[in-house]
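So the sequence shown is numbered by full-length UniProt numbering: it starts at 1 and just counts up by one. Note that beta-carbon positions come from the ideal geometry of N, C-alpha and C, so glycine has one too. Accompanying notes for the structure given below.
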Amino acid sequence: METKEQNNQEQDMKVLKNVAQAAKKDKKISSYLTQEKQDIYAGKSMEEVIAMKKDHSIPLGDAYEPRVVEQHWQQWWESKNYFKANPDNVLNNSKKPYVMCLPPPNVTGNLHIGHGLTVAVEDAIIRRKRMQGFEALYLPGQDHAGIATHSVVEKNLYKTTGQTRHDLGREKFVDKIWEWKEEHGHQIFEQLKLIGASLDQSRFHFTMDDQLSVAVKEAFVQFYEQGLIYRANRLVNWSCKLKTAISDIEVDYMEFPVPKKIQVPNHDGWYKFGELTHFFYQLKEDPSKKIEIATTRLETMLGDTAVAVNSKDPRYKDFIGKELLHPFLPDRKITVITDDELVDMEYGTGAVKITPAHDPNDYNCGQRNNLEFVNILTDEGLINENGGKYQGMKRFDVRAQLEKDLAELGLLGGKTNNPMSIGKCSRSGDIVEPMLRPQWYMKNSVAEKMIEIVESKQLNIEPQEFTQEWKKWLSNPRDWCISRQLWWGHRIPAYLATVEGQEAPKSEQEQDWIIARDEKEALEKAVKKYGVDKEKITLSQDEDVLDTWFSSGLFPFSTMGWPNKDNKDFKAFFPNSILETGHDILFFWVARMVQMSLLLTGEIPFKDVYLHPIIRDADGKKMSKSAGNVIDPREVIFGSTLEQMLQKLTEGNLPAKEIERCQVNIKKQFPEGIPPCGSDSLRFSLLAYMQKSRFINLDLKRVIGYRESGNKIFQSVKFGLLYIPKDYKYEANRYKFTELSLLNQWILNKFNTYIQKINEDYDKFDFGDVATNFMYFWKYDFCDVYVEACKPILSVEGVSEKHPNYEQTLNTLFYCIDTGLRLLHPMMPFLTEELYAKLNDFEGKYESICIANYPEYRKDFEHATIQQDFQNILDIGKSIRSTCTQLNIPPKNNPDAYIYTQVEKIAEIVKNEEQMISKLSKTSCIKVLESPDQAPKGCVKSAANGNIQVLVDVKNHIKIEDELKRLQKKMADVDKKIAALKKKQSASNYMTKVPENVRAQDEENLSELSKQKIIFETSYDQMKEIKE
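Right under this line is the structure:
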């Protein structure tokens, strides 16, 4: 493990070096780079680096450098076993459990931004729960990802050797996949560590390891014995290129609003989609009579066994029940039938060709009308023996040939546009074909129960909008096709028994199959079933494998030792507490976990389900490798030059044309590359995006912005450490709240309110509010107000004695830093650990912030009027600064200011806090007046709020004549803009031609301009008054 980590660190340093070299040519990126600075940790071990980070005599750096801050903390946390959960603490009731599974990423996977969002959310949840005293388990795992891995390895095999899996054979090909898994499987977890995922690595599970394989076989056998699993010959989504059935989630859809030609895998030409081809069937008894058909899939006419019409359609009353001639298959029986459920006589020709073996609607029609089901395609998508003279041809080549042949016979009609969507396999790009194939299916016998537990809140789904989709989907559940025609995955525990001297078993007949946990049990069952000696029986296991989602559906409890319910982990950590994942797999994974858990354990597998949004690019487009807009979090963490991003495209399996298209997109989106932002900035920005929407349009500028916010936090703590003496011993409860100054009472009360809100937001899964509320408090209340107000109190240079409030302010400042870091830790773990390590040691300080207590609301910090009292001070400061800004008075000028109020309490507060108000408002002094007439000449008046008038002495800080001219110009500019807007609004066609949103914006602009006009006019009048 150490070697892997060292290798990864070396690779990361190479990335950083390359970015630094490129940055010399790019000033914008260069401004964010720090990696060319001397690395004080170079060549040192993890233990040595952590010791330096905890050494209080070594100061923090000049600025926040994510690469320096984030070094080695993850490795140290893991070495301390902070993330390792102990079931004994739960079983002996000393701690409550909080359990969450990381949605097991694919074994083929590299880190993408979706993983970044998953970890940002899940790790924030689990770190907070760990700090709150729960026995927190964040369970890692990895999915064998049957079809994805199978596809990737086969593509790589062909690319590197020119061979297919069939050239190798099953055993050798599976060996290749295991080699791939061993080589690449660990990568994503090394990458997840970069983002700070606090996973219990000692409990890592792969969905094909021995423990989970036992669970899969046990589940299949139990489901079969309960009558829930059966075999049937039905339509499935078939990928001809992969030669397997695929699930709905593996089908993407291409939209064809107008006809368009595209290329199709395993075909040589270009083929048009998005149109109807019209042709004619002739009546067998009278070929002069024809019935017109329109179809988007002309090749499927080779599988037609009927034409359906509506029984009420007068056009076809003489055709009903009669046979039609197939122009190319004279022995094929095609009958005109009625099916009012299928046929709308107002649509198209009112006659629908029926291909029961290749269309879902036709399949249902075929079952209703007892039609013949004729399959015309091989597994590879070639026409089979049922296609007559077209046998062996590729299906879309047949489409073109049929048009020619029908035209020669005079049976081809015209073509009409037909907007449509066509499914394609997400793995191979091939167009999905509905195919009739024998498969294993599973019923959902607990669908009603699954609806009930959500409606009764036994299972809570957030956001709540998805509860309706849950109910809708489960109200009419379809049986699940669980078999796949692949070589990689859990082989189905089903066996065919060939008995010596008896007829061979048939794979399409369920009764010929024996379901067993292993071959030994299968042989015992075969002996009992056929009543012969075992020597006369030959077993062959089903070649097919289970759908990946089958093993994934068992994950919450198979990882805990099930079917052994006496396993400590099962007893302590199942059911889990929460399942967090993307909303796109609510039914493919989440629902199946609930279904399988109810059936096998009788338990709901988790209490809460949180569904996060799906990330799109800044323009709202879906991220995909083929679009070239996928973002690798490592590119954000370490930065990446444009050249590196372009080079990376050539290292995968993308075809040359797709690489060219992707390079164009990347150059457009990231012309300067991506500057290094660090893991914490990435995590925080992703959390800030979380506003319970279905999609996130990710703009990397926001990530860069939160890197700057990280620097704000870094610098504010660094400020605190400069003012806090090295020998200072902090005590959290040294002072009673009532003993504190107004400033210290205000910040503690304000912070306390935010702590309450942030905890409530966490519990409601409002992660966007968690992030933005924290940053708002820290930047605007703590840094901009409290820290600034603290400076004159804590400054001891050049003073004979300390400020009266020095000690309490020092203690309060320390409290805010310590508490703030703990509050922030689940979102920014590396930065907070780095800064926490530099805090003075004190009683109650933990070895690591990740096991420190999470802040909770304190009732002793409540105060009925403190916020309003202090708001008066803030209003005064804001009013003074606004006046100076409007009159272009530089901040360093520090004019005198005066306050008039009739409220005695406010006057008293201002008198007591003159120094603080002067500091916050950047004035030389603040005086309270008995009457506004006492103010010296040359003051500009403004209202801080309804109770306070502010007067700023500006006469010595501005040139009156210049200011009058400036204000005259401002007023003229505003008048001009107002006149132009009003002229636009007065146009006769304004209400009909201008969109509503533009009109609303015009009104908003007019209102803002009117406010500016009043401000400039008021200032102008006051300037004239001063002049006179």
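The alpha helix (DSSP H) with residue i in it runs from where to where?
i, result
"K449", "447-455"
"V527", "519-530"
"D680", "679-688"
"H278", "That residue, H278, is in no alpha helix (DSSP H); its beta strand (DSSP E) goes 275-283."
"S551", "548-552"
"G710", "700-723"
"F220", "210-225"
"T992", "990-993"
Should residue i and residue j be called a contact, given that it needs their Cβ atoms to be closer than 8 Å?
i, j, result
"N773", "K791", "no"
"Q201", "E299", "no"
"L579", "F606", "yes"
"P895", "V952", "yes"
"H144", "F206", "yes"
"I793", "Y806", "yes"
"V910", "I917", "yes"
"P438", "L235", "no"
"N237", "D252", "no"
"R127", "P936", "no"
"residue 1052", "G146", "Only positions 1 to 1028 of the chain appear in the structure, and residue 1052 is not among them; the question remains open."
"H612", "V90", "no"
"F204", "G114", "no"
"T349", "E292", "yes"
I'd like to confirm the pairing. Which residues does DSSP put opposite residue i in its beta bridges?
i, result
"W480", "M442"
"W178", "Answer is none; W178 lacks a bridge partner."
"S942", "V950"
"T581", "L611"
"F206", "Q142"
"W270", "Q263"
"V352", "A308"
Residue i: buried (16+ other C-beta within 10 angstroms of its C-beta) or exposed?
i, result
"A979", "exposed"
"K176", "buried"
"Q226", "exposed"
"I674", "buried"
"L722", "exposed"
"M991", "exposed"
"K1027", "exposed"
"S986", "exposed"
"A306", "buried"
"V998", "exposed"
"E255", "exposed"
"W480", "buried"
"N7", "Low local confidence applies: a pLDDT of 46 at N7 is under 50, so the model's placement there is unreliable, with the coordinate-based value given in what follows. With fewer than 16 Cβ atoms within 10 Å of its Cβ, N7 is classed as exposed."
"E154", "buried"
"S1019", "buried"
"A864", "exposed"
"H56", "exposed"
"A516", "buried"
"G321", "exposed"
"K1024", "exposed"
Ends of the beta strand (DSSP E) at residue i?
i, result
"M100", "97-101"
"A232", "229-239"
"R999", "Segment 996-1027 is the alpha helix (DSSP H) holding R999; no beta strand (DSSP E) there."
"M420", "420-425"
"A294", "290-295"
"L925", "Note that residue 925 is Cys in the sequence shown here, rather than Leu. Its beta strand (DSSP E) spans residues 925-929."
"F412", "It is Leu, not Phe, that sits at residue 412 in the sequence shown. Its beta strand (DSSP E) spans residues 412-417."
Kindly give me the distance between the Cβ atoms of residue i and residue j, rounded to whole angstroms, as I take these residues to be in contact under 8 Å.
i, j, result
"N418", "G274", "6 Å"
"F223", "M450", "16 Å between Cβ atoms; not a contact."
"residue 1041", "G388", "Since the displayed the chain opens at 1 and closes at 1028, residue 1041 lies outside it and no answer follows."
"W562", "F570", "6 Å"
"V216", "L554", "7 Å"
"Q691", "L740", "No, Q691 and L740 are not in contact; Cβ-Cβ is about 36 Å, not under 8 Å."
"H583", "F466", "6 Å"
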